[in-house]
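J.: My structure is below; once you've seen it, I'll send some questions.
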Amino acid sequence: MTELTDLTLAGARDALRAGETTAAELTEAHLTAIEGAGALNAFVHHTPEIAREQAKAADARLQAGDAPAMCGIPIGVKDLFCTKGVASQAGSRILEGFRPEYESTITTQLFDAGAVMLGKLNMDEFAMGSSNETSTYGNAVNPWKAGNSDAALTPGGSSGGSAAAVAARLCLAALGTDTGGSIRQPAAFTGITGIKPTYGRCSRWGVVAFASSLDQAGPMTRTVRDSAIMLQAMSGHDPKDSTSADLAVPDFEAMLTGDVKGQVIGIPREYRMDGMPEEIEALWQDGIAMLKDAGAEIRDISLPHTKYALPAYYVIAPAEASSNLARYDGVRFGHRAALSQGDGITEMYEKTRAEGFGDEVQRRVMVGTYVLSAGFYDAYYNRARKVRTLIKKDFEDVFADGIDAILTPATPSSAFELGAMTDADPIQMYLNDVFTVTVNLAGLPGVAVPTGQDRRGLPLGLQLIGKPWQEGELLNVAHCLEDRAGFVARPAKWW
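Sequential numbering from 129 applies to the sequence shown in this note's numbering.
Shown next as structure tokens:
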């Protein structure tokens with residue numbers, strides 16, 4: 129039988145049901161792998177006792193024949209999800225010592241389905257970053273290396289720990305969140321699959337907020353089938369989240385036929401950016417050829433407001449962040465700064481936030497406060513909201529015109545070296561989100577699929593964008609692309 133840590137989620141589910149292994153054995157194999165992977169800094173809060181208890185309960189359910197698809201599956205949980213009694217810091221010093229008395233809706237759904245939590249995963253502070261370099265825990269490290277270089281590479285962000293853990297076989301799947309590409313970009317950088325579902329498909333309750341109108345949780349897995357299985361367990365209406373959609377959840381896995389004959393795939397001309405690396409362009413052309421060969425019709429389309437997406441996103445997201453992060457004041461929970469004699473409430477707020485928030489979070493809070501301030505609200509925030517409406521309409525128009533899915537690159541490059549962009553203009557880092565932010569602004573589902581490697585052997589991914597609430601159809605196109613690409617490369621173990 130395959131090494132337990134090399135199983136896919138679907139393979140592990142089938143092995144558990146066939147009695148070829150147990151949830152306890154599967155869990156121990158992954159706990160051992162985590163112990164030996166400190167160099168990756170992917171897991172930041174370890175929960176072996178909880179994992180063993182959950183595995184024992186899962187084995188009892190499997191024995192009784194009452195086993196949902198996720199039963200006994202060892203997963204990692206991004207540190208953005210509140211987990212009862214377990215440190216939940218959102219990668220920030222300001223939430224040091226915070227152990228919630230409640231469980232997020234999504235983790236509750238997964239645990240009710242029998243999933244096993246191995247621990248909490250590294251991430252950019254408050255999900256603000258594209259390289260996992262803003263975390264209070266230090267950098268997460270990509271398990272891949274470029275050619276013969278020993279340089280540490282970014283796993284992407286903000287779900288960098290989740291991506292690194294899945295790619296390095298430390299868990300079968302992981303929870304991520306995506307506000308501007310934070311599932312899809314790290315998935316592409318580490319050679320795994322990641323889907324951001326339609327806004328409202330998965331509950332946001334108990335997920336620490338960054339930008340509430342953009343945030344959406346999703347699975348990060350090694351295959352499209354695994355994403356379909358996990359997404360189904362995560363989805364559904366939640367009365368505690370006012371943005372949660374009251375819609376039936378289809379059987380996403382059953383929709384993976386791989387048949388895309390007659391499907392119309394749109395290729396947006398605006399995504400052909402100036403200075404785009406030849407390897408990314410070649411990958412895109414390969415993806416187009418694969419889908420065409422599978423029987424899909426390829427059609428050039430226009431999404432004319434794409435060029436305004438990045439500036440609109442970097443007005444709207446910081447504005448919402450400045451509002452959401454105002455609750456971290458040192459009064460009720462988390463870090464509180466030491467005060468001097470005579471300090472009042474204002475000084476406590478100022479000192480706590482100065483100590484608790486990192487540079488990138490402070491930068492975005494200040495930008496967000498500025499664009500919401502009197503005199504600038506109309507010039508920046510309101511204008512960005514109008515642009516967002518136009519971007520959403522671009523997608524509505526092409527879907528109304530018969531397009532079933534849209535194919536684009538997932539990232540403008542392969543994974544870059546840690547530290548390569550930290551001293552540069554922050555806008556250079558923000559450009560990593562150029563292909564992904566439109567999907568969040570429009571609230572659409574988007575999936576990143578590994579489809580090739582660059583000349584240094586690093587993974588590259590393509591992105592598929594689908595119609596609202598049609599994750600099943602989107603995953604089916606992704607399944608076809610995955611099958612045609614035949615990506616089986618994995619990082620050589622060095623950690």
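Glycine included, C-beta positions come from ideal geometry on N, C-alpha and C.
Under the three-state reduction of DSSP, which class applies to residue 321: helix, strand or coil?
T.: Reading the sequence shown from its first residue, position 193 is the one you call residue 321. In this structure, residue 321 counts as strand in the three-state DSSP scheme.
J.: What does the alpha-carbon distance come out to for the pair residue 188 and residue 241?
T.: Sequence index remark: in the sequence shown, residue 188 carries index 60 (1-based). Sequence index remark: in the sequence shown, residue 241 carries index 113 (1-based). Distance between the alpha carbons of residue 188 and residue 241 is about 13 Å.
J.: Counting along the chain, where does the beta strand (DSSP E) carrying residue 244 start and finish?
T.: Here residue 244 is taken as the residue at index 116 of the sequence shown, counted from 1. Looking at the DSSP string, the run of the beta strand (DSSP E) that includes residue 244 is 244 to 249.
J.: For residue 330, which beta-bridge partners are listed by DSSP?
T.: For the purposes of this step, residue 330 is taken as the residue at position 202 of the sequence shown. Paired residues: 363.
J.: In this structure, how does DSSP classify residue 279 when only helix, strand and coil are distinguished?
T.: Here the question's residue 279 lines up with position 151 in the sequence shown. Residue 279 falls in the coil class under three-state DSSP.
J.: Tell me which residues share the same chain as residue 280 and place their Cβ nearer than 6 Å to its Cβ, disregarding the 5 neighbours each side in the sequence.
T.: Walking along the sequence shown from the start, residue 280 turns up at place 152. So the list reads 269, 546, once near-sequence residues are dropped.
J.: Determine the extent of the beta strand (DSSP E) in which residue 233 is found, giving its start and end residues.
T.: Taking the first residue of the sequence shown as position 1, residue 233 is located at position 105. Looking at the DSSP string, residue 233 is not in any beta strand (DSSP E); the run it does join, the alpha helix (DSSP H), is 233 to 240.
J.: Is the CB-CB distance between residue 315 and residue 600 below 8 Å?
T.: Locating residue 315 in the sequence shown gives position 187, where the first residue counts as 1. Locating residue 600 in the sequence shown gives position 472, where the first residue counts as 1. Contact flag unset, no.
J.: Please state whether DSSP places residue 369 in a helix, a strand or coil.
T.: On the sequence shown, residue 369 is found 241 positions in, with the first residue counted as 1. Looking at residue 369 - three-state DSSP - the assignment turns out to be coil, as it is neither helix nor strand.
J.: Going by C-alpha distance, which of 274, 310, 577, 536 is nearest residue 290?
T.: Position 162 of the sequence shown, counted from the start, is the residue given in the question as residue 290. When each option's Cα is compared against that of residue 290, the closest is 310.
J.: Mind checking who residue 209 pairs with in its DSSP beta bridge?
T.: Taking the first residue of the sequence shown as 1, we reach residue 209 at position 81. Residue 209 is bridged to 335.
J.: Considering Cα atoms alone, identify which of 451, 140, 186 is closest to residue 499.
T.: Indexing the sequence shown from 1 puts residue 499 at position 371. Nearest option by C-alpha distance: 451.
J.: Should residue 406 be labelled buried (16 or more other beta-carbon atoms within 10 Å of its own) or exposed?
T.: Here residue 406 refers to the residue found at position 278 of the sequence shown. In summary, residue 406 is exposed, with fewer than 16 beta-carbon neighbours lying within 10 Å of its beta-carbon over all protein chains present.
J.: With H, G and I counted as helix, E and B as strand and the rest as coil, what does DSSP make of residue 463?
T.: For the purposes of this step, residue 463 is identified with residue 335 of the sequence shown, where counting begins at 1. Reduced to three states, the DSSP call for residue 463 is coil.
J.: Indicate whether residue 201 and residue 140 have their beta-carbon atoms separated by less than 8 Å.
T.: As a first step, residue 201 must be located in the sequence shown, where it is residue number 73. As a first step, residue 140 must be located in the sequence shown, where it is residue number 12. It is a contact, given that the beta carbons lie within the stated cut-off.
J.: The alpha helix (DSSP H) that contains residue 156, what's its start and end?
T.: Counting from one through the sequence shown, the residue named residue 156 turns up at place 28. Taken as a continuous stretch (DSSP letters only), the alpha helix (DSSP H) holding residue 156 covers 151 to 163.
J.: Cβ atoms of residue 394 and residue 416: under 8 Å apart, would you say?
T.: As a working mapping, residue 416 is identified with position 288 in the sequence shown. As a working mapping, residue 394 is identified with position 266 in the sequence shown. Not in contact: residue 416 and residue 394 (Cβ atoms no closer than 8 Å).
J.: Measuring CB to CB, does residue 143 end up less than 8 Å from residue 135?
T.: Taking the first residue of the sequence shown as 1, we reach residue 143 at position 15. Taking the first residue of the sequence shown as 1, we reach residue 135 at position 7. Taking 8 Å as the Cβ cut-off, residue 143 and residue 135 qualify as a contacting pair.
J.: According to DSSP, simplified to helix, strand and coil, what is residue 311?
T.: Counted from its first residue, the sequence shown places residue 311 at position 183. Coil at residue 311, not helix or strand.
J.: Here's a check: name, in chain order, each residue in its chain whose Cβ is nearer than 8 Å to the Cβ of residue 388, leaving out the five neighbours to either side.
T.: Stepping through the sequence shown from its first residue, residue 388 is reached at position 260. Closer than 8 Å at the Cβ level, and outside the excluded window around residue 388, lie 419, 422, 423, 424, 604, 605, 608.
J.: Roughly how many angstroms separate the alpha carbons of residue 340 and residue 448, rounded to a whole number?
T.: Position 212 of the sequence shown, counting from 1, holds the residue named residue 340. Position 320 of the sequence shown, counting from 1, holds the residue named residue 448. Their backbone Cα atoms lie some 7 Å apart in a straight line.
J.: If you draw a straight line from the alpha carbon of residue 571 to that of residue 438, how long is it in whole angstroms?
T.: Position 443 of the sequence shown, counted from the first residue, corresponds to residue 571. Position 310 of the sequence shown, counted from the first residue, corresponds to residue 438. Within the model, the alpha-carbon separation for residue 571 versus residue 438 is close to 15 Å.
J.: DSSP three-state label for residue 616, please.
T.: As a working note, residue 616 is residue 488 in the sequence shown. It is coil, neither helix nor strand.
J.: Just confirm the distance between the C-beta atoms of residue 485 and residue 493, as a whole number of angstroms; I'd bet it's less than 8 Å.
T.: Here residue 485 refers to the residue found at position 357 of the sequence shown. Here residue 493 refers to the residue found at position 365 of the sequence shown. Residue 485 to residue 493, Cβ: 7 Å. Contact.
J.: Please check the pair residue 171 and residue 293, which I expect to be a contact at CB under 8 Å, by giving their CB distance rounded to whole angstroms.
T.: Taking the sequence shown and counting its residues from 1, the one referred to as residue 171 is at position 43. Taking the sequence shown and counting its residues from 1, the one referred to as residue 293 is at position 165. Between residue 293 and residue 171 the Cβ distance is about 7 Å, and since that is below 8 Å, they are a contact.
J.: Would you mind sorting residue 375 into buried or exposed? The rule is 16 or more other CB atoms within 10 Å of its CB.
T.: Sequence index remark: in the sequence shown, residue 375 carries index 247 (1-based). Per the 10 Å Cβ criterion, exposed.
J.: For the beta strand (DSSP E) containing residue 228, list its first residue and its last residue.
T.: Counting from 1 along the sequence shown, the entry for residue 228 is found at position 100. Looking at the DSSP string, residue 228 is not in any beta strand (DSSP E), and its letter there is neither H nor E.
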